[in-house]
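**Student:** In my numbering, each residue's number is its place in the sequence shown (first place is 1) plus 1222. Every residue gets a Cβ at the ideal spot worked out from N, C-alpha and C, and that includes glycine.
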Amino acid sequence: MRYVVSHRTTYSYDADVSDSLGVGYLTPRSLPWQDVASSVVTIDPEPGDLRTDLDHYGNTVTYFQVTEPHQALSVTARSEVEVLEPRYDDALLVQPWETCRPGTSTDPDAWRTVDFALGSALVDHTPEAHAYAAVSLLPGRPLGEAATELMQRIHADFTYEPGATTVTSTIADVLETRAGVCQDFAHLTLACLRSHGLAVRYVSGYLATDPPPGKERIVGADASHAWAAVWLGQDTWLALDPTNDQRAGERYVTVAWGRDYGDVPPLKGVIFTDAKESTMGVEVDVAPVVAGSGH
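1. Pull the bridge partners of A1368 from the DSSP assignment, please.
2. Taking the alpha-carbon of T1282 as reference, which of R1251, W1255, S1500, T1289 has the nearest alpha-carbon?
3. Write down every uninterrupted run of the beta strand (DSSP E) in the region 1468-1508 whose length is 3 residues or greater and which is fully enclosed by it, in chain order.
4. Quick one: complete beta strand (DSSP E) runs, 3+ long, within the region 1307-1376?
5. What whole-angstrom Cβ distance do D1444 and V1508 have, given they're in contact under 8 Å?
6. Going by CA-CA distance only, name the one from P1269, Y1285, L1248, L1314 that's closest to G1427.
7. Given the structure, does S1252 come close to the ligand GDP, in the sense that its CB is under 8 Å from one of the ligand's heavy atoms?
8. Could you give the distance in angstroms between the alpha-carbon of T1532 and the alpha-carbon of K1437?
9. Once you ignore the five residues that flank A1550 on each side, which residues in its own chain have a CB closer than 7 Å to its CB?
10. CA-CA distance, D1329 and L1314?
11. Using the three-state DSSP reduction, which class does Q1456 fall into: helix, strand or coil?
12. Along the chain, which unbroken stretches of the alpha helix (DSSP H) at least 4 residues long are found entirely within the region 1398-1434?
13. So, D1271 versus F1286, is the Cβ gap smaller than 9 Å?
14. So, are the CB atoms of Q1293 and A1237 less than 9 Å apart?
15. Throw me the rounded Cβ distance for the M1475 and V1262 pair, which I believe falls under 8 Å.
16. Apart from the five residues just before and just after W1333, which ones in its own chain have a Cβ nearer than 8 Å to its Cβ?
17. Looking at A1450: is its Cβ nearer than 9 Å to the Cβ of V1477?
18. If you check the beta carbons only, do R1481 and L1365 fall under 9 Å apart?
19. What number of angstroms, rounded off, separates the C-alpha of Y1382 from the C-alpha of P1254?
20. Return the Cβ separation of Y1225 and L1344 in integer angstroms, given the expectation that the two are a contact with Cβ distance under 8 Å.
21. Give the straight-line distance between the Cα atoms of L1397 and E1320, rounded to the nearest whole angstrom.
22. Taking the Cβ atom as the reference point for each residue, do D1496 and Y1424 lie within a distance shorter than 9 Å?
23. Whose C-alpha, out of T1231, T1298, V1258, K1490, is nearest the C-alpha of V1389?
24. Thinking Y1310 and T1458 are a contact (beta carbons under 8 Å), I'd like their distance in whole angstroms, please.
25. Do L1454 and H1418 have their CB atoms nearer than 9 Å?
26. How many Å lie between S1240 and L1295 at the Cα?
27. Which class does A1448 belong to by DSSP, given the choice of helix, strand or coil?
28. Given a cut-off of 9 Å on the beta-carbon distance, is the pair Y1233 and S1500 in contact?
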């Protein structure tokens, strides 16, 4: 599938901002199953400094600084991306899960995945998460089967409820409330599998949503999304979306990955201002490119 992805974030303040410094993870990754035809990030007001770089995990990071006094700021990312359905080697999926832990794997590149097997700021390896995962991680069970069942259980046992958590909610909070959003369910998947020694990435991006039957697609109705990917060896990661109980396929646009949300937020930054109030708005659109549409 080919998509045009638009992600616009707007900020408004009740007094001038004299200096705004921002960092954004808004450019999709080029991957074996994802081709990025174009991608551009624009800032209004025009920044005095705008540049991109690659971070430790190979994600494209946009840095900007706006020093022109302003009471409104917009950051717009627009990309055209083609996504294929990822393919997995059955031999990797049926490996006993214990053999896929970086600490015991015979894969010569296992050391590269250790970061994703350790605890992180937003992903605690709680005893409760370990116990929850143990129900699926039975001794000798194929990793693909065990991780998929864990995803299915999270989808069944936890309620998607915007507002039930915040960006700083802990694994314990999610397990207690049994509710949250995609970020929370991705973090829970990470905590469950990492607590058993497996390497798992937090993945940020977008999911193209289909309109209800008979309804037109609503521009701006899509949103940022998050899922998890567990290491199978041979530089292969099984991408699982517990929010929707499915593997991440051709409808998923991958932007960045890290240890948790804190590594790859769409935008973060610092402002210098006397403003007392501010508002933020986000509009995301993932539009399929129709043959002959001119894109």
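**Tutor:** Taking the structure as given:
1. The count along the sequence shown starts at 1 and reaches residue 1368 at position 146. DSSP lists no partner for A1368.
2. In the sequence shown, counting from the first residue as 1, residue 1282 sits at position 60. For the residues R1251, W1255, S1500, T1289, the minimum Cα distance to T1282 belongs to R1251.
3. Runs of the beta strand (DSSP E) inside the region 1468-1508: 1474-1480, 1489-1495.
4. none
5. As a first step, residue 1444 is located in the sequence shown; it is residue number 222 there, counting from the start. As a first step, residue 1508 is located in the sequence shown; it is residue number 286 there, counting from the start. Between V1508 and D1444 the Cβ distance is about 5 Å, and since that is below 8 Å, they are a contact.
6. Counting from 1 along the sequence shown, the entry for residue 1427 is found at position 205. Ranking P1269, Y1285, L1248, L1314 by Cα distance to G1427 puts L1248 first.
7. Annotation note on the ligand GDP: not contained in the displayed structure, which lists no ligands.
8. Only positions 1223 to 1517 of the chain appear in this structure, which leaves residue 1532 out of reach.
9. In this structure the chain extends from 1223 to 1517, so residue 1550 is not present and cannot be described.
10. Position 107 of the sequence shown, counted from the first residue, corresponds to residue 1329. Position 92 of the sequence shown, counted from the first residue, corresponds to residue 1314. So the two alpha carbons sit approximately 12 Å from each other.
11. Against the sequence shown, residue 1456 aligns to sequence position 234. In this structure, Q1456 counts as coil in the three-state DSSP scheme.
12. 1404-1416
13. Stepping through the sequence shown from its first residue, residue 1271 is reached at position 49. Stepping through the sequence shown from its first residue, residue 1286 is reached at position 64. Closer than 9 Å, so yes.
14. As a first step, residue 1293 is located in the sequence shown; it is residue number 71 there, counting from the start. As a first step, residue 1237 is located in the sequence shown; it is residue number 15 there, counting from the start. Yes, they are a contact pair.
15. Mapped onto the sequence shown, residue 1475 falls at position 253. Mapped onto the sequence shown, residue 1262 falls at position 40. Just to set this straight, residue 1475 is Val in the shown sequence, not Met. Going by Cβ atoms, the distance from V1475 to V1262 rounds to 15 Å, so no, they are not a contact pair.
16. As a working note, residue 1333 is residue 111 in the sequence shown. Here the set comprises P1324.
17. Position 228 of the sequence shown, counted from the first residue, corresponds to residue 1450. Position 255 of the sequence shown, counted from the first residue, corresponds to residue 1477. Cβ atoms of A1450 and V1477: not closer than 9 Å.
18. Residue 1481 sits at position 259 when you count from the first residue of the sequence shown. Residue 1365 sits at position 143 when you count from the first residue of the sequence shown. No.
19. As a working note, residue 1382 is residue 160 in the sequence shown. As a working note, residue 1254 is residue 32 in the sequence shown. Those two C-alpha atoms are separated by around 31 Å.
20. By 1-based counting over the sequence shown, the position of residue 1225 is 3. By 1-based counting over the sequence shown, the position of residue 1344 is 122. Actually they do not touch by this definition, with Cβ atoms about 28 Å apart.
21. Counting from one through the sequence shown, the residue named residue 1397 turns up at place 175. Counting from one through the sequence shown, the residue named residue 1320 turns up at place 98. For L1397 and E1320, the distance between alpha carbons rounds to 25 Å.
22. Translated into positions along the sequence shown, residue 1496 becomes position 274. Translated into positions along the sequence shown, residue 1424 becomes position 202. In this structure, D1496 keeps its C-beta atom at 9 Å or more from the C-beta atom of Y1424.
23. Translated into the one-based positions of the sequence shown, residue 1389 becomes position 167. The residue with the shortest Cα to Cα distance from V1389 is K1490.
24. Residue mapping note: residue 1310 aligns to position 88 of the sequence shown, counting from 1. Residue mapping note: residue 1458 aligns to position 236 of the sequence shown, counting from 1. About 7 Å; that satisfies the 8 Å criterion.
25. Here the question's residue 1454 lines up with position 232 in the sequence shown. Here the question's residue 1418 lines up with position 196 in the sequence shown. No.
26. Position 18 of the sequence shown, counted from the start, is the residue given in the question as residue 1240. Position 73 of the sequence shown, counted from the start, is the residue given in the question as residue 1295. Linking S1240 to L1295 through their CA atoms gives a straight-line distance of about 12 Å.
27. Taking the first residue of the sequence shown as position 1, residue 1448 is located at position 226. The answer is strand: DSSP assigns A1448 an E or B state.
28. The residue labelled residue 1233 in the question sits at position 11 within the sequence shown. The residue labelled residue 1500 in the question sits at position 278 within the sequence shown. Taking 9 Å as the Cβ cut-off, Y1233 and S1500 qualify as a contacting pair.
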